[in-house]
Every structure is written in C-alpha cells, then in structure tokens.
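Going by my numbering, the sequence shown opens with residue 1, and the numbers climb by one from there. Idealized CB from N, CA, C, for every residue including glycine. For reference, the structure discussed in these notes is given below.
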Amino acid sequence: MASFSDEGYDCPAYAACRPSPPKALYDTVLAYHQSPRELCVDLGTGHGAVARALATHFISVLGVDSSEGMLKEAARAQQWDNSNIQYRQSNAESLPFIASKTVDLVIACQAAHWFDPEPLWNEMTRIVRPGGTVAFWNWGHYVVTGRLRANRALQELFFEDLVPYWPQPGISVFNNEWMYPVECRDFANWTDLTRLVSVPADDDAPGVSNTPGAIQMRASQTLGSLETLIRTLSMVHEWRKAHPEALLVREGGSGDCVDTLMRDTIEGEVKWRVFVTSGGNWRDIEVDLEMRSILLMARRKQFLSYCEDPHQRYP
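In structure tokens, the structure reads:
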C-alpha cells in the first residue's frame, strides 16, 4: 500500500471520489456473521467509510490503516454520533494493540490485495474470537455500461500502458485470473469459507462466472468524476511519479496518461464527440459504471473443550 502512504498522494481526492460500498455488502456480511457485535476491526480503513457504516452495528469499531494521510481524512469525516470509532496507524499483519480472541468481525474493503497472506491469517487467528468473522471485499475492472469503445480505452490503459506501474502485490493479485492469494487456506482454524464473485455483463472475463448472492458494485458518475477517480489509482500515482515532466492539460501541459485516456474515450464514442464539438463540456457527460467484485468470508472455528459433551461447542 506504499502509494497511499506517499507524501504526494492525494488522500482528499480519494475520500471525495471513491465509491462507497453498497448496502448489500453490509447486509451480506452481517447475515453471515454469527458472533456477538462488540468489536469490529476495519483493516485498510482509508477515509473511514466502512468504519462509519458499521458503527451503528457494533459497540466499538477500530479503523486501522498504514497511511497517516488516510487516517487524517477519516478523522476529518468523523461525526459526533460516531464516538464509538477509534483509529490506529498500523499494518494489517501485526496488531499488537489488539488483545487475543477479542474481535468479532474483521472487515477489509479495497485493501486485502495489499496484505501479506501468511502473517495476516496468523494475526486473524490470534485476534478473532471463536465464531468470529473475517470478510474481505474488493472491486475493480471498471466497465462503462453500453460503451464498447470507452471500455476498450480503459482496458488498454489499465492492462497495457500501466502494467509496469502496478505496485506489488497490489492490483495484480486481484486481477490474476481471480486466484486470490489472500483467501483463507487455514482449514484447521477457519470454516464456512465463502467466495462470492460478481462480473458485469459487459465485462470480458473468460472462465469467471457469477456466484449467487454476489455483491454487485455499480456507480453513476460524470466523466469528470471518473477522471478524478482514476487519478487516485495506485498505478496512476506511480506513473506520474515516473513522468514528472507530464503536465496535466488543466495545468497547461500536453497531458498525462489519464488525459490521453479521456481524449481517446471521447473521440471513440460518436455521441460524446458530437456533444463536445458542439460546445458541451465532456466532464458533464453522465455514465453508469459497473465493476467486478469479490467477497471472501471465513468463520473462526469453535473448538471442542475436552471436559464438555463432544456434541456441545463452547461459545
């Protein structure tokens, strides 16, 4: 997650334009969750959107992030009625400030692809109480509904031009044939492993099928807000670090990789091109986005006590 911790990373833009998880995500996770609702830990909390959403469902919520800038955004968004939320700066793989077997739910949204799986699951096994839940949700692969040429331009940028700038393991983990390395494989300590995948109808994803009950991730935006969102992506941030000479169009330059994307996108879509040549502002054009999403859930096993009835598990 190095890009988000960079001094030059635009954390306010991230907080302003990244789509929030849909209500269906929380409904699905809470329906799966069977443990008490005392303590929830939000890993990779970013600007705190998930922590705030779950604050009404748990007695206390702890948001954890390695980026000081992101935590400042989370604190800035904190409301008086979110007094049960606290934030700590830390990596996900080591949480010494959390006591063993005290966490009911660990959730991570748009963050798990940055985690180191082995130490992460060792720490999850330590902190999550028997019967508790871990839920990791990610979305990606932007698809503009009904816009074939725009999607081709997006895919060319993401999967050709920007590939050398993907921070590792990062997005390449999420995009690697959907074989998600952070998926739990500790079958001795975890059970009820669940994997829900949603793929947009316009997405070309051979070999990947939708799972019943999967979380659909959609957003309605303008091309202007989509441009801002794309600029918050880690690989775009790394591209700009590698090309400091590339001044943005709005700065009087010839543009960077995102400016090129937007030009190609507008040029490729006839209606958009006509709108702009007629004097319209391309940033006002409205689009519907849909993204692939994947939700991984696991439940901490409730082991048998030697002094109890073998058919009775302790709480």
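Residues near residue i in its chain [Cβ-Cβ closer than 6 Å; skip 5 each side]
i    : result
T194 : M297
S293 : W139, S198, I215, M217
A135 : V29, I107, M297
E177 : Here the model assigns E177 a pLDDT of 43, short of 50, so the residue's position is not dependable, and the following value carries that caveat. So the list is empty, once near-sequence residues are dropped.
K101 : R129
D42  : V50, A51, G63, I107
P119 : E93
L295 : W137, L196, I215
L54  : C40, V61
F158 : none
Through-space distance from residue j to residue i, alpha-carbon basis
i    : j    : result
W121 : E290 : 30 Å
R299 : R218 : 28 Å
S278 : D288 : 23 Å
F115 : S67  : 14 Å
W137 : A49  : 14 Å
R37  : E227 : 38 Å
K72  : Q110 : 18 Å
M70  : I230 : 17 Å
V274 : A112 : 42 Å
F303 : V103 : 17 Å
D192 : T125 : 15 Å
L154 : V236 : 13 Å
S342 : E267 : No answer is possible for residue 342: the residues shown for the chain start at 1 and end at 315.
C184 : P212 : 20 Å
I127 : H47  : 23 Å
W239 : T232 : 11 Å
M35  : G131 : It is worth fixing the name first, because residue 35 is Ser in this sequence and not Met. Taking the straight line from one Cα to the other gives about 5 Å.
V249 : P164 : 23 Å
A75  : A24  : 25 Å
K301 : E123 : 15 Å
G63  : C40  : 8 Å
S209 : A188 : 29 Å
A201 : W190 : 33 Å
G280 : D65  : 41 Å
E286 : V144 : 10 Å
H243 : E251 : 15 Å
D284 : G44  : 32 Å
E156 : A77  : 35 Å
Range of the contiguous beta strand (DSSP E) that encloses residue i
i    : result
D27  : That residue, D27, is in no beta strand (DSSP E); its alpha helix (DSSP H) goes 23 to 32.
W190 : 190 to 198
V163 : From DSSP, V163 is part of no beta strand (DSSP E); its letter is neither H nor E.
A298 : 286 to 300
Other residues of its chain near residue i: CB distance less than 7 Å, five sequence neighbours each side excluded
i    : result
D161 : C257
E269 : R147, R149, A150
H33  : L105, T133
P117 : P181, V182
Y142 : L154, L289, M291
D203 : H141, V143, R292
R88  : L62, V64, F97
W272 : I266, W282, I285
Contacting residues, own chain, Cβ-Cβ under 8 Å from residue i (five flanking each side not counted)
i    : result
Q79  : R52
A246 : R240, G253, S254, G255, D256, C257
D186 : W121, T125
W166 : S172, S234, M235, E238
V276 : I266, W282
R152 : G268
Residue range of the alpha helix (DSSP H) that includes residue i
i    : result
G252 : Segment: none, G252 is in no alpha helix (DSSP H) and carries neither H nor E.
V182 : It is not in any alpha helix (DSSP H) - V182 carries neither H nor E in the DSSP assignment.
L154 : 148 to 156
T277 : 270 to 277
Contact with chain C by residue i, beta-carbon distance below 9 Å
i    : result
L157 : In the structure shown, chain C does not exist; there is a single protein chain.
- Query: Given 8 Å as the limit, is there contact between the segment 16 to 28 and the segment 86 to 100, that is, 3 or more CB pairs closer than that?
  - Reply: no
- Can you list, in chain order, the stretches of the alpha helix (DSSP H) that have 4 or more residues and sit fully within the segment 105 to 133? 117 to 127
- Every unbroken alpha helix (DSSP H) within the segment 202 to 243, with a cutoff of 4 residues, ordered by chain: 223 to 231, 234 to 242
- Message: If contact is defined by three or more beta carbon pairs under 8 Å, each pair taking one atom from either stretch, is the segment 217 to 231 in contact with the segment 255 to 267?
- Response: yes
- Query: So, do the segment 249 to 257 and the segment 47 to 67 have three or more beta carbon pairs nearer to each other than 8 Å?
  - Reply: no
- Determine, using beta-carbon pairs with one atom in the segment 78 to 90 and one in the segment 28 to 36, whether at least three such pairs fall under 8 Å. no
- In the segment 38 to 87, which residue ranges form an unbroken alpha helix (DSSP H) of at least 4 residues, counting only runs that do not cross its ends? 49 to 54, 68 to 77
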